[in-house]
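*Asks:* Numbered according to this note's numbering, the sequence shown spans residues 237 to 600.
I'd like to ask you about the structure that follows.
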Amino acid sequence: MHIPILLSLTLAASLTTAHTVLTTLWIDGKNQGDGTCIRMGLNPDRTTFPISSLDAQDMACGLNGNTPVTYTCPASTGSKITFAFRSWADDPSRGPIDKSHVGAISIYLKKLSSPSASAPGGGWFKIFNSGYSLSKKKWSATTLNDNHGLLTVSIPSGIPSGSYLVRTEIIALQNYPDPQVFVNCAQLYITSSSSTSIPNSKTVSIPGHLHYSDPGLTYDIYENTPSSSKPYPIPGPKVYFPSSSSSSSSTSSSSSATGLVPSSCILKNANWCAKELPDYSTENECWKASDDCWAQVLKCYDSAPPSGYKGCKLWSERKCDVVQKGCKDGEWNGPKNKGKKVAEEKEISEPIPGGNLPGVDVGE
């Protein structure tokens, strides 16, 4: 990851290091897995970096963000989604973001025709934003640090079922007059009892929703302190959080969703799943199964995002090593524990930072 800079350049280091990236989702309290459903830059040395330009296509979903991932996470209208941010993608102990990085946090949604649809362009609407809390006298990124990099928001009840991208946007102002924007997206399939369409008037096109002249991006945090008479102007559109006109709960099924993690997945690492090995009853078949197992290990490591590869290591140790030893020892009937989970999610993903998920943030 980032290389420490000389102590004499501590200030400069605070401007260039300890950036941030979205690594993990919890939906209604359930950990979806580090990297699962998240479109993330695959270069570990750059995945936490800000977007190079407000006009760049990467503004939509970040580095590598227009490339779909294999899996889509299921949610419902009204679901609580907790986002986990890290300054080092595979190490939550290093904190979520440098304390110098203050500014605004916004969450957007975009309904897609399919999980592979393009991220840049129109259709984005903001469901949450937070800038400077006058009651707490804190910037939203400071609260994010206080919550160990966790932010929880609710999905609006008045949106239709379908495939969505959920987009996180953190604007950091410490490098005045050059704002930094950190963006990531995750793929969701949201079920809903509402059939109300999202009005075009409530949506924006990304890139294009932010401009360098926006007051919230030209804000000098070293010369100004937000107040009730002069609040910090959060960049971007206003929040659109539609409520359902129906009193019923979400009833539509996710059976029409594509890209959900399959029930046959016996071990997962980010957006890769292990497949059970073929049956074998001879020495030759045993070694073929062993080769299959190690081939899957290579695919797992090749696909692993910067958030980590614990699942690849566990597959290697608990499945491939066992099969290989059995082939050597003449145990040619298998695979053992066929179809059973090789590891639980809690063994693969990092634990909840701080031990507990925060409540829903209502924003500003």
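Glycine included, C-beta positions come from ideal geometry on N, C-alpha and C.
Note that this is a predicted model, so its numbers are computed, not measured.
(1) Anyone know if the C-beta pair for residue 338 and residue 311 falls short of 9 Å?
(2) Thinking just about the alpha-carbon of each residue, which of 402, 449, 396 and 325 is nearest to the one in residue 290?
(3) Helix, strand or coil for residue 545 per DSSP?
(4) Could you please give the first and the last residue of the uninterrupted alpha helix (DSSP H) stretch that includes residue 532?
(5) How about the segment 502-519 and the segment 574-583: do they share at least three Cβ pairs that are nearer than 8 Å?
(6) Between the segment 357-373 and the segment 457-466, do three or more beta carbon pairs fall short of 8 Å?
(7) May I ask which residues mark the beginning and end of the beta strand (DSSP E) holding residue 380?
(8) Going by the CB atoms, is the gap between residue 442 and residue 357 shorter than 9 Å?
(9) How do the segment 563-577 and the segment 330-346 stand: do at least 3 beta-carbon pairs fall below 8 Å, yes or no?
(10) Where in the segment 289-374 do unbroken runs of the beta strand (DSSP E), each at least 3 residues long, occur, reported from the N-terminal end onward?
(11) Are the CB atoms of residue 324 and residue 588 nearer to each other than 9 Å?
(12) First and last residue of the beta strand (DSSP E) that includes residue 419?
(13) Straight-line CA distance for residue 476 to residue 562?
(14) Between the beta-carbon of residue 276 and the beta-carbon of residue 446, is there less than 9 Å?
(15) Is it right to say residue 510 is buried, meaning 16 or more other beta carbons lie within 10 angstroms of its own, or is it exposed?
(16) Let me check understanding here. Comparing Cα to Cα, which of 254, 402, 508 and 569 lies closest to residue 536?
(17) Can you list, in chain order, the residues of its chain with a C-beta nearer than 7 Å to that of residue 498? Leave out the 5 residues immediately preceding and following it.
(18) At which residues does the alpha helix (DSSP H) containing residue 562 begin and terminate?
(19) Determine the DSSP secondary structure at residue 551, reduced to helix, strand or coil.
(20) Under the DSSP definition of a beta bridge, which residues are partnered with residue 496?
(21) With DSSP collapsed to three states, give me the class of residue 582.
(22) Spell out a yes or no on whether the segment 465-475 and the segment 386-396 are touching, meaning 3 or more CB-CB pairs, one atom from each, closer than 8 Å.
(23) Compute the beta-carbon to beta-carbon distance between residue 363 and residue 344, rounded to the nearest angstrom, for a pair I have assumed lies under 8 Å.
(24) Across which residues does DSSP place residue 509 in a beta bridge pair?
(25) Is the Cβ-Cβ distance between residue 274 and residue 284 less than 9 Å?
(26) Roughly how many angstroms separate the alpha carbons of residue 539 and residue 406, rounded to a whole number?
(27) Do you know offhand how far residue 516's Cα is from residue 534's?
(28) What did DSSP end up calling residue 279 once you bin it into helix, strand or coil?
(29) Start and end of the beta strand (DSSP E) containing residue 261?
(30) Candidates 305, 570, 470 and 347: which alpha carbon is nearest residue 519's?
(31) Nearest to residue 309 by CA position, among 493, 326 and 527, is which residue?
(32) Looking at residue 278 and residue 451, is the spacing between their C-beta atoms short of 9 Å?
(33) Should residue 586 be labelled buried (16 or more other beta-carbon atoms within 10 Å of its own) or exposed?
(34) From residue 615 to residue 527, what does the alpha carbon distance come to, in whole angstroms?
(35) Output the boundary residues of the beta strand (DSSP E) element that contains residue 593.
*Replies:* On the basis of the data shown:
(1) no
(2) 449
(3) coil
(4) 519-539
(5) yes
(6) yes
(7) No beta strand (DSSP E) contains residue 380, which is instead part of the alpha helix (DSSP H) from 376-382.
(8) yes
(9) no
(10) 309-312, 316-322, 339-348 and 357-366
(11) no
(12) 416-427
(13) 59 Å
(14) no
(15) buried
(16) 508
(17) 509
(18) 557-565
(19) helix
(20) Per DSSP, none; premise fails for residue 496.
(21) helix
(22) no
(23) 7 Å
(24) 504
(25) no
(26) 26 Å
(27) 22 Å
(28) coil
(29) 257-263
(30) 570
(31) 493
(32) no
(33) buried
(34) In the structure as shown, the chain starts at 237 and stops at 600, and residue 615 therefore has no counterpart that could be examined.
(35) Residue 593 -> no beta strand (DSSP E), and no H or E assigned at all.
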